[in-house]
Every structure is written in C-alpha cells, then in structure tokens.
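Chemist: Encoded as structure tokens, here's the structure I'll be asking about.
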Amino acid sequence: MKKMHLILIPLLLISAAALQAAGLQVSPNPAEVQVNTAVAFTIQGLEPGGSLNWEVVPATLGNIDQSGFFTASGKPGRGMVRAIAKNKEGRTVLGHAMIKVLGNKPGRLTVSVSPARAELKIGQTLRFTARIMLPDENIKTEWLVIPNDLGTIDAQGDFTANGAGKGRIVALAKGPGKYGLGQAQISVRPSGKVSDLSVVVSPKRIKLQPKTRIRLTVQVQDPEGETVRARLRYTLSPPELGTIDQDGNFTAGEKAGLGVIKVEAASGYAFGSDRAFVIISEKSNRYQIKIKPRQVVLEAKSSSKFEVEVWDENGSSVIVPALDWKVIPEGLGSISPQGLFTAGDRTLSGKIVVQLPAEFGRSRDAASVKIQSQGRNTIRINPPKTSLKPGQMLQFSAVITDSRGKPAGDQRIIWKLQPENLGIITPQGLFTAGAAARSGIVIAELPQEFGAGRAIAPITISSYQVKINAPPNQYNIHTGEQILFAASVRDANGNDLTASAAFEWDIKSSILGFGNIDQSTGLFRAGQPSKLPADGYIMVRVFINGLLAGTDGIKITIR
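Numbering (this note's numbering), first residue to last: 540 to 1098.
Written out as structure tokens, the structure is:
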C-alpha cells in the first residue's frame, strides 16, 4: 500500500505537464475524489487582466469556488469542472477537467483539514487539524507545506510562516491498508505594517521559439510612485515550460506550450507581484520599434534626445533592457546609450539607427539627421549642468553667438523640458523642480526665423547632492589605463553621507570596445575602442537605506 500512496500524491498535487494546443489548461485532469472531500484545481493559460469563473457539470457532483477549490457532494458520479475566462477584448476561452466522485471504499480514508483557508503574516503560527472519517488508532497523519518555502509545519499541525506567497497545507493520513489526504489553502503576507508595491514586468506577453532566451525587466515603485530596490522572486508555471533564474533570464524549453511567469517583489514591509503570459511556439513573436523624432536639423556640436517606442504584435508596450545605437556615418556625431545625440563639427547628413537586441528579434528603425556648421547661431545655457532639490527654483539664461563667434543680441529663446514632468519652466527660463526625484535636460531653442540654434543643460532633481570626482585626465585617457572613480553624496544640510551610501557604477558608450567598470568599486578599465578619440559616460546611482538618492554622470574621452 505504500507504493499506492506515492502514486496518489502527484496525481492530486502536481499540475499536468502536457499542454493542449489551445485554450485554458485545467489541472489535475482527470481528477478523482471521495464523496464529501475536496481538491484544488489550477489554471494555466489565463492572460493577465482576464476574468475567470468556474462551474461543475452536472451541478449535483459538488460545488467549486472562484479559487478553483472543489468540494464533492455526498453522492458518487462523473462529470467535469469547467473554467470560463474572458480576456480584455471580451473573447471567451474555455478549459475542462474530467472528475470522478467515488464512494467510500475500504482502504480509502476521507480527510478534511481545518481551517480550510487561512491568511497569515511572516512569523505567525497557526495550528491546523485533520479530521479523518472512521478514524483508527493505527492511522498516522503526516503534514506537508506546498511550496515548502512558505514555512514549516510540525507533527501536531502547527504551521509557522517563513516566506510570502500562496500555497497549501496537506494532511496525509495512512495506516495498515488505508490512506487518504486533505488540504487547506494558505496565503502568507510580509510581517509588520504591510503596504503594496506597484510591480510591472515587461514584456507582459512573451512569445518565443523553443530553446531561445529573453530577459524580463521589472519596475518596482512604492505607494508614492518612487522607484525602490526590492528582492525579486520569479516562478514559472508549469516548470516544464523552461527555466528562469533570479535575474529574470528566461530560457524556453524544447516543447511548445503555454504558461505564466510570476514575479514577486518585497521591500521592507511592502509586497507586490505581477505576471507575464508565456507562449512557446515554433513561430516567434514580432516586436516593432519606432524612433522619434524622425528628422532633425542641428547645428554643429549641438545635441538632441531621441526617444524610442517598442511594442509587440498585440500592440502592448514593451520595456527593453538595452538598445543598440549606431551613427551613420561615424563623422555625423556620437550618441549615448540613452539616445542623447551630439552632432559633429562639420556640415553632413546621415542617419541614427536603433536596433532591438537579439532576444527581441533585432528589428530596427532610423531617423534622418542633417548637421549645419555655417550661418547658424550658437547657444550656451548657464548654468550648463545643475542639481536641484524637489521644488527648488533656478533661473536659466542663454548666450547667443553667430557663426563668427560674435554676440547675436537679444533673441526669442524657447525653453523646453525633457521629460516634460521634470518640472515647470517659464518663457523667461525660470525653472521650478518637480516633486519627484529624476534626471533630464533643459532645452533652449532658437526658431528658424531667428537663425536657428539649440542647446541643452543636464539637470538632476534630488534631496541629495551627488557628485562624481572627475580625474585630471578626464578627456585624455589612454587605452588599457585603469582609473578608480569615486563619488560623494550630501544631504540637504550639506552633511556628508558618503560612508553610509551604496554606489552602483555603470558605463555608457556607443563605441565598441570602449571599456568596462566594476559596478561596486568604480574601477574603470579603458578598452581598445573601435575608433579614437572615443567618448563615453561614467554613471553612478546612489542608494541610501535601500532607496535611490540621486545620480550623476561625467563624460570621458579615450585617446
């Protein structure tokens, strides 16, 4: 009888591995239960944002709640459990599982667990009890937690919650020639004062060919809309669909199928989750990319910011971890990984090409660029770079010179912000920082009828002052040279918080072989760039108490 017990558990607890070609997948299928006992059904293939209802056919077999928890009636019989889902467009999708309600037979125990549902916080303890029909003094009960990282349970049924998530408590009853099981649903939330995190995973809908890879991007914000650092946990259902590591790298399996990737985020006492729908098929998904603006005319050595939109074949917006930028020809200028283009010093026409990475299909788009070096005005913004506190005001001014370097007099400057929610700027250049911490640029433009011209000034909004210490050879670094970069951070009162802050370093350059930087120490190693001189950016993000305090960046040149 022990072998029969080992066979029964997977039948009731493990989702079916084989997926149908279309529709919802209901597990277990088929299912067998005793009269007056329960079994939990799970669903696969439900698109994020869709609604789900359950029904039993015929209804006399038992009843099922909205979570898929089926309780058999007191009469044996056969029928089905039906799942009815509607997606955001209103399309109905069905799924079925055959079910058989068995009468009580010698050797089969009927077990019920109380409470049938429970919600706890991490660290709390709750006792579960198992009620066995026709009990026998020789029957022993074994307790299980599924999944086991939710907590522990002892022989008396005392459960201690250790990890956030949802699962089941299972009671296995066994004795000489007899066996059976019962289960209860549990939900574990973080301890302390709980608040909800806003978690957004991208892409929301993944379509891959077998054995291909994609990296998911996750954005986590607190209830105030601020980006926070969080511990992420990825779960793939069904697990046979592929593998996913804790960095969000998903590798599709060898077989076609449908499933869901769930990402759970925890930060302090806050918790949140999101899901991505996964399709593994021989026909891969198509992503489209669009660059804006499509055409620009710039003066020599001026700058322009290009924005990119990416969406899948269903029209859903997608956040891409990294983009490949290219300037054609190279003499047209240079572009940062964020799409900030700086024009060269001569009259020239060309293209800015942006391409998706391999895991997104390498679709590309391009914008036309024309550089004019003569007969145009030059604009210089003062201050050229600044860092402000939320709500702080600053007066920007612009100095205009003509193509011969002579003052052009008073002109009608147009002031703009990018992004627009950076704050507010008046027609006179008086800027008021927004309430949220973020980075962007202030733009000063001269209309075509006044000789045209454009300039930008980077700006960072934060309650903290972050500054990278620039090395003496900032614009004269040699290939292979090593430089240890450092940064400082001060609060609104000028107190130095550098010792208690965490720094994350990064390097940005559109030139191949530019170099690399250690993320934690800031040690930069200059590479062998594909062209010289080569420009790039050293970037740093500063965290205090796990929250983003501010950023800074400086330009460097390898010669």
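The beta-carbon is built from N, C-alpha and C at its ideal position, and this holds for glycine as well.
#1: Tell me whether residue 1082 sits in a helix, a strand or coil according to DSSP, three-state version.
#2: What's the call for residue 557, buried or exposed, on a 16-neighbour Cβ count within 10 Å?
#3: May I ask which residues mark the beginning and end of the beta strand (DSSP E) holding residue 892?
#4: I'd like to confirm the pairing. Which residues does DSSP put opposite residue 744 in its beta bridges?
#5: Since residue 825 and residue 852 are thought to touch, with beta carbons under 8 Å apart, how far apart are those beta carbons, to the nearest angstrom?
#6: Rounded to whole angstroms, how far is the Cβ of residue 725 from the Cβ of residue 659, which I believe are closer than 8 Å?
#7: Distance check for residue 814 and residue 771, CA to CA, integer angstroms please.
#8: Assuming residue 640 and residue 621 make a contact with CB atoms under 8 Å, what is their CB distance in whole Å?
#9: So what does DSSP say about residue 778, is it helix, strand or coil?
#10: From 970, 965, 868, pick the residue whose C-alpha is nearest to that of residue 933; which is it?
#11: Cβ atoms of residue 788 and residue 754: under 8 Å apart, would you say?
#12: Determine the extent of the beta strand (DSSP E) in which residue 697 is found, giving its start and end residues.
#13: In angstroms, rounded to a whole number, what distance separates the CA positions of residue 903 and residue 699?
#14: Taking the CB atoms as reference points, tell me whether residue 703 and residue 579 lie closer together than 8 Å.
#15: Among residues of its own chain, excluding the 5 on either side of residue 603, which ones have a beta-carbon nearer than 8 Å to its beta-carbon?
#16: Say the cut is 7 Å; is the CB of residue 1036 nearer than that to a heavy atom of the ligand MN?
#17: Indicate whether residue 929 and residue 978 have their beta-carbon atoms separated by less than 8 Å.
#18: Over what stretch of residues does the beta strand (DSSP E) that includes residue 579 continue unbroken?
#19: Any idea which residues DSSP pairs residue 1055 with across the strands?
#20: Using beta-carbon positions only, say whether residue 688 and residue 810 come within less than 8 Å of one another.
#21: Given this structure, state the Cα-to-Cα distance separating residue 566 from residue 582, to the nearest angstrom.
#22: Determine the contact status of residue 570 and residue 638, defining contact as a CB-CB distance below 8 Å.
#23: May I ask which residues mark the beginning and end of the beta strand (DSSP E) holding residue 835?
#24: Can you tell me whether residue 884 is helix, strand or coil according to DSSP?
#25: Would you call the CB atoms of residue 1049 and residue 874 closer than 8 Å?
#26: Per DSSP, which residues does residue 1026 bridge with? Please list them.
#27: In angstroms, rounded to a whole number, what distance separates the CA positions of residue 1042 and residue 651?
#28: If we call anything under 8 Å between Cβ atoms a contact, is residue 712 one with residue 680?
#29: Would you mind stating whether residue 750 and residue 791 have Cβ atoms separated by less than 8 Å?
#30: Out of curiosity, what's the CA-to-CA distance linking residue 1012 and residue 779?
#31: Assign residue 1091 to one of two classes, buried (16 or more other C-beta atoms within 10 Å of its C-beta) or exposed (fewer than that).
#32: Buried or exposed for residue 633, please, with buried defined as at least 16 other CB atoms from any protein chain shown within 10 angstroms of its CB.
#33: Rounded to the nearest angstrom, what separates residue 833 and residue 899 at their Cα positions?
#34: How close, in whole Å, do the beta carbons of residue 995 and residue 1007 come, if the pair is a contact with beta carbons under 8 Å?
#35: Which residues bound the beta strand (DSSP E) around residue 594?
Modeler: In terms of the structure at hand:
#1: On the sequence shown, residue 1082 is found 543 positions in, with the first residue counted as 1. Reduced to three states, the DSSP call for residue 1082 is strand.
#2: Taking the sequence shown and counting its residues from 1, one reaches residue 557 at position 18. Reliability of the predicted coordinates at residue 557 is poor, the pLDDT of 34 falling under 50, and the value obtained from them is presented with this limitation in mind. Its Cβ having fewer than 16 others within 10 Å, residue 557 is exposed.
#3: To locate residue 892, count along the sequence shown from 1; it is residue 353. 887-894 is the extent of the beta strand (DSSP E) around residue 892.
#4: Counting from one through the sequence shown, the residue named residue 744 turns up at place 205. Paired residues: 816.
#5: As a first step, residue 825 is located in the sequence shown; it is residue number 286 there, counting from the start. As a first step, residue 852 is located in the sequence shown; it is residue number 313 there, counting from the start. The pair is a contact, with the Cβ atoms about 5 Å apart (cut-off 8 Å).
#6: The residue given as residue 725 occupies position 186 in the sequence shown. The residue given as residue 659 occupies position 120 in the sequence shown. The pair is a contact, with the Cβ atoms about 7 Å apart (cut-off 8 Å).
#7: Numbered from its first residue, the sequence shown carries residue 771 at position 232. Numbered from its first residue, the sequence shown carries residue 814 at position 275. Cα to Cα, the separation comes out at about 13 Å.
#8: Along the sequence shown, one-based indexing puts residue 640 at 101. Along the sequence shown, one-based indexing puts residue 621 at 82. Actually they are not in contact, since the Cβ atoms of residue 640 and residue 621 sit about 16 Å apart, beyond 8 Å.
#9: Counting from 1 along the sequence shown, the entry for residue 778 is found at position 239. Three-state DSSP puts residue 778 in a helix.
#10: As a working mapping, residue 933 is identified with position 394 in the sequence shown. It is 970.
#11: Taking the first residue of the sequence shown as position 1, residue 754 is located at position 215. Taking the first residue of the sequence shown as position 1, residue 788 is located at position 249. Contact flag set, yes.
#12: Start at 1 with the first residue of the sequence shown, and residue 697 comes out as number 158. Here the beta strand (DSSP E) through residue 697 covers 697-700.
#13: On the sequence shown, position 364 is the one that residue 903 refers to. On the sequence shown, position 160 is the one that residue 699 refers to. Taking the straight line from one Cα to the other gives about 52 Å.
#14: Position 164 of the sequence shown holds residue 703. Position 40 of the sequence shown holds residue 579. No, these two residues do not count as a Cβ contact at 8 Å.
#15: Residue 603 sits at position 64 when you count from the first residue of the sequence shown. Closer than 8 Å at Cβ, skipping near neighbours: 580, 593, 594, 595, 609, 610, 620.
#16: As far as ligands go, the structure on display features none, and thus does not contain the ligand MN.
#17: Residue 929 sits at position 390 when you count from the first residue of the sequence shown. Residue 978 sits at position 439 when you count from the first residue of the sequence shown. No, the Cβ-Cβ distance between residue 929 and residue 978 is not below 8 Å.
#18: Within the sequence shown, residue 579 is the residue found at index 40, counting from 1. Per DSSP, residue 579 belongs to the beta strand (DSSP E) from 577-579.
#19: Position 516 of the sequence shown holds residue 1055. In the DSSP output, where bridge partners are listed per residue, residue 1055 has 1064.
#20: Walking along the sequence shown from the start, residue 688 turns up at place 149. Walking along the sequence shown from the start, residue 810 turns up at place 271. Not closer than 8 Å, so no.
#21: Taking the first residue of the sequence shown as 1, we reach residue 566 at position 27. Taking the first residue of the sequence shown as 1, we reach residue 582 at position 43. Taking the straight line from one Cα to the other gives about 6 Å.
#22: The sequence position of residue 570 within the sequence shown is 31, counting from 1. The sequence position of residue 638 within the sequence shown is 99, counting from 1. Closer than 8 Å, so yes.
#23: The count along the sequence shown starts at 1 and reaches residue 835 at position 296. Unbroken beta strand (DSSP E) run through residue 835: 834-838.
#24: Looking up residue 884 in the sequence shown gives position 345. Of the three classes helix, strand and coil, the one that applies to residue 884 here is coil, per DSSP.
#25: If you number the sequence shown from 1, residue 1049 lands on position 510. If you number the sequence shown from 1, residue 874 lands on position 335. In this structure, residue 874 lies closer than 8 Å to residue 1049 by Cβ.
#26: Taking the sequence shown and counting its residues from 1, one reaches residue 1026 at position 487. DSSP, once it has assigned bridges, lists 1007 as partnering residue 1026.
#27: Counting from 1 along the sequence shown, the entry for residue 1042 is found at position 503. Counting from 1 along the sequence shown, the entry for residue 651 is found at position 112. Rounded to the nearest angstrom, the two C-alpha atoms are 53 Å apart.
#28: What you label residue 712 is simply residue 173 of the sequence shown in a count that begins at 1. What you label residue 680 is simply residue 141 of the sequence shown in a count that begins at 1. A contact, by the Cβ cut-off of 8 Å.
#29: In the sequence shown, counting from the first residue as 1, residue 750 sits at position 211. In the sequence shown, counting from the first residue as 1, residue 791 sits at position 252. Result yes, Cβ atoms of residue 750 and residue 791 sit closer than 8 Å.
#30: Residue 1012 sits at position 473 when you count from the first residue of the sequence shown. Residue 779 sits at position 240 when you count from the first residue of the sequence shown. When rounded, the distance between both Cα atoms is 54 Å.
#31: The residue labelled residue 1091 in the question sits at position 552 within the sequence shown. When all chains shown are included, residue 1091 counts as buried.
#32: Taking the first residue of the sequence shown as position 1, residue 633 is located at position 94. Exposed, by the Cβ-count rule.
#33: Along the sequence shown, one-based indexing puts residue 833 at 294. Along the sequence shown, one-based indexing puts residue 899 at 360. For residue 833 and residue 899, the distance between alpha carbons rounds to 22 Å.
#34: Taking the first residue of the sequence shown as position 1, residue 995 is located at position 456. Taking the first residue of the sequence shown as position 1, residue 1007 is located at position 468. Not a contact, Cβ separation roughly 19 Å.
#35: Within the sequence shown, numbered from 1, the residue matching residue 594 stands at position 55. Run containing residue 594: 590-596, per the beta strand (DSSP E) assignment.
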